[in-house]
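Heads up: the sequence shown begins at 1398 in my numbering, then just goes up one per residue.
For every residue, glycine included, the Cβ atom is placed at its ideal position computed from N, Cα and C.
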Amino acid sequence: MQEAFGYLIFAVVIVGVVVAVFSLLTSGKLYDQIGRGGLSLNEDGPPKAPAPGGAADDRERDDEIRQMLVAKNARRASRGEAEQDVEAELAELTRPRVDAALVAEIREMVVARNHRRVSRGREPLDVDAEVERQVRDLAG
């Protein structure tokens, strides 16, 4: 009887190993999902930030600036001061800036373009008007 008990334990262990190996091979990614669900934290890592310079990045930047301006208006109102227009201030803060060095570089480019136009026999452009047009196009 004791010999049969030893054989039975040995057979159960072998069958268990075979079933475990078969389960491992056929489960795929099932074991990777254990413990995950709708309430799990940090499943896929931190959320990805929008691409720099993209439309989503600009919207996020504008939303954050708008929140700060609304908070600034709330502080002004609590002190009894007049509130400012949030959208107008946001437009002023996000307006592209054109500095004097950039204008000088644009002017040099227009002068060089005029030189090439004259050498080809074409009539030159008005430098000041062309600089203003390019600055306007650049500023949006």
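| message | Three or more C-beta pairs under 8 Å: does that hold for the segment 1522–1529 against the segment 1500–1513? | response | The answer is yes - the segment 1500–1513 touches the segment 1522–1529, with three or more Cβ pairs under 8 Å.
| CA-to-CA distance, ILE1406 to GLU1400, given in whole angstroms | Taking the straight line joining both Cα atoms gives about 10 Å.
| request: Specify the secondary structure class of ARG1473 as computed by DSSP and reduced to three states. | output: Of the three classes helix, strand and coil, the one that applies to ARG1473 here is helix, per DSSP.
| query | Taking the runs of the beta strand (DSSP E) that are 3 residues or longer, which of them lie wholly in the segment 1451–1506? | reply | Whole beta strand (DSSP E) segments, 3+ residues: zero.
| Cα separation between ALA1497 and VAL1532? | Rounded to whole angstroms, the separation of the alpha carbons of VAL1532 and ALA1497 is 11 Å.
| task | For VAL1528, count neighbouring Cβ atoms within 10 angstroms of its own Cβ and tell me buried if that reaches 16, exposed if not. | result | Per the 10 Å Cβ criterion, buried.
| said: Using a 10 Å radius around the Cβ and a threshold of 16 neighbouring Cβ atoms, would you call LEU1535 buried or exposed? | reply: Answer is exposed; the Cβ neighbour count stays below 16.
| task | Could you say which of ASP1454, LEU1499, ASN1470 lies nearest to ALA1485 if we only look at CA atoms? | result | With distances taken between Cα atoms, ALA1485 lies closest to ASN1470.
| message | Measuring straight from C-alpha to C-alpha, what distance separates GLU1480 and ARG1456? | response | So the alpha carbons of these two residues sit roughly 23 Å apart.
| Given a threshold of 16 other Cβ atoms within 10 Å of its Cβ, counted over all protein chains shown, does LEU1466 qualify as buried or as exposed? | That one is buried.
| task | Find out if the Cβ-Cβ distance for the pair ILE1462, LEU1487 is shorter than 8 Å. | result | Yes, they are a contact pair.
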